[in-house]
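Protein chains in written order, with the working numbering: chain A, 10 to 209; chain B, 10 to 209.
Scroll down for the structure; my scribbles are underneath it.
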């Protein structure tokens with residue numbers, strides 16, 4: 010443990026709490042910050058503060074946003090008939106990259122996980138149901154939770170609640186990712202790829 | 010590119026400039042910061058600012074420090090007869106972990122690298138020579154630059170300057186690291202391990 014500068018120690022400790030940053034990389038980051046031009050380091054500190062001050066949640070879709078409703082929810086050119094449900098706000102930019110999707114989003118804020126004590130009331134599921142119920146435009150809900158055990162369970166749970174509202178509920182396809190090698194694909198993915206096969 | 014929050018974008022861009030942080034991990038870090046308790050995020054921002062305000066260089070050994078001379082240079086219990094020369098301040102804590110070394114340090118601030126335009130005047134070599142020259146206590150200079158081409162060149166350069174002052178100049182040993190497997194050791198390391206062999 011380096012003792013010469015308490016402020017450096019403190020920075021290393023705080024950086025080390027970030028995800029994917031161990032003690033060693035925290036040290037490297039701290040020394041990098043020490044060597045940075047002062048404006049750059051101050052810029053980073055300010056950016057962290059600002060993000061906490063200005064960014065909140067859209068009260069419609071629960072995506073992170075500086076305004077509520079967010080730019081997606083308030084865009085009239087968006088397809089108002091489709092809602093894509095994702096686990097985290099981090100998933101929205103991934104789907105936004107797909108040009109063919111121009112619908113709306115709904116961020117759950119996690120996934121059902123009884124073992125971690127996360128139940129339906131901990132996610133924005135009630136708000137999703139109200140949203141779907143009160144809005145006649147909505148024709149389809151695409152469930153894009155992760156293809157993990159919890160993500161699948163969440164998808165099934167949601168579909169059971171939304172289907173009775175006479176709305177089409179779909180799940181994004183699972184299969185072999187583009188560019189992957191069949192040889193290295195796991196058996197579950199392969200079996201789902203076979204199950205989801207389509208005619209030419 | 011995520012467009013909903015300009016402040017988030019800015020934070021991602023700045024985090025992405027840190028070493029070892031790509032665009033994807035910068036996004037993950039930014040979203041983590043968004044989810045952090047406000048005090049924790051503010052603490053991190055303050056720590057970055059503080060480190061830039063309070064931490065400077067020790068004017069004797071060029072290690073990072075909140076005071077000059079630093080706690081190592083001003084500690085009378087340290088062995089004043091040995092100076093360990095390292096490339097970066099980041100190397101000091103590594104050597105500090107070795108209990109058997111309780112001498113002084115000298116941080117070069119890099120290594121000689123003509124291809125990158127780094128010559129002797131860009132490092133704290135002059136200060137080292139003056140320090141060794143003016144201080145009769147110093148009996149040995151241990152050169153602990155990295156075992157890279159540039160680190161070796163720097164070590165040779167320094168030894169040629171310091172040896173004529175009638176001071177013992179040593180280089181840390183290169184060889185097989187403890188716990189490593191001979192099978193996977195590269196031939197240069199192996200040859201240096203053989204060369205540096207010692208009798209039982």
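Glycine included, each C-beta is placed from N, C-alpha and C at the ideal position.
Note the first and the last residue of the continuous beta strand (DSSP E) segment covering residue 180(A).
-> 177-180
Beta-carbon contacts of residue 170(A) that lie in its chain and below 7 angstroms, excluding the five residues immediately before and after = 138
Is any beta-carbon of chain A found at less than 9 angstroms from that of residue 107(B)?
-> no
Report the partner residues of residue 152(A) according to the DSSP bridge assignment.
-> 94(A) and 180(A)
Going along the chain, which unbroken runs of the alpha helix (DSSP H) with 4 or more residues stay wholly within the stretch 19-65 of chain A?
-> 32-44 and 47-63
The alpha helix (DSSP H) with residue 132(A) in it runs from where to where?
-> Unbroken run through residue 132(A): none, as it is neither H nor E.
Report yes or no: do the stretch 145-157 of chain B and the stretch 172-183 of chain B share at least 3 C-beta pairs separated by less than 8 angstroms?
-> yes
Buried or exposed: which applies to residue 100(B), given that a residue is buried once 16 or more other Cβ atoms fall within 10 Å of its Cβ?
-> buried
How should residue 43(B) be labelled, buried or exposed, when 16 other C-beta atoms within 10 angstroms of its C-beta is the threshold for buried?
-> buried
Any beta-carbon of chain B closer than 9 angstroms to the one on residue 135(A)?
-> no
What's the call for residue 116(A), buried or exposed, on a 16-neighbour Cβ count within 10 Å?
-> buried
Using a Cβ cut-off of 8 angstroms, pull out every chain B residue sitting near residue 28(A), in sequence order please.
-> 37, 38 and 41
Out of 113(A), 39(A) and 76(A), state which residue places its alpha-carbon closest to the alpha-carbon of residue 59(B).
-> 39(A)
Cα-Cα separation between residue 79(B) and residue 47(A), rounded to whole angstroms | 22 angstroms
Cutoff 9 angstroms: residue 88(A) Cβ touching any chain B Cβ | no
Of all Cβ atoms in chain A, is any one closer than 9 angstroms to the Cβ of residue 11(B)?
-> Unreliable placement is indicated for residue 11(B), whose pLDDT of 45 sits below 50; the coordinate value is still reported in the next sentence. Output row for residue 11(B): interface = yes.
Along chain A, in chain order, which residues have C-beta atoms closer than 7 angstroms to that of residue 111(B)?
-> Under the 7 angstroms cutoff, chain A gives no residues; its nearest Cβ is about 14 angstroms from residue 111(B).
Which partner residues of residue 113(B) appear in the DSSP bridge assignment?
-> 92(B)
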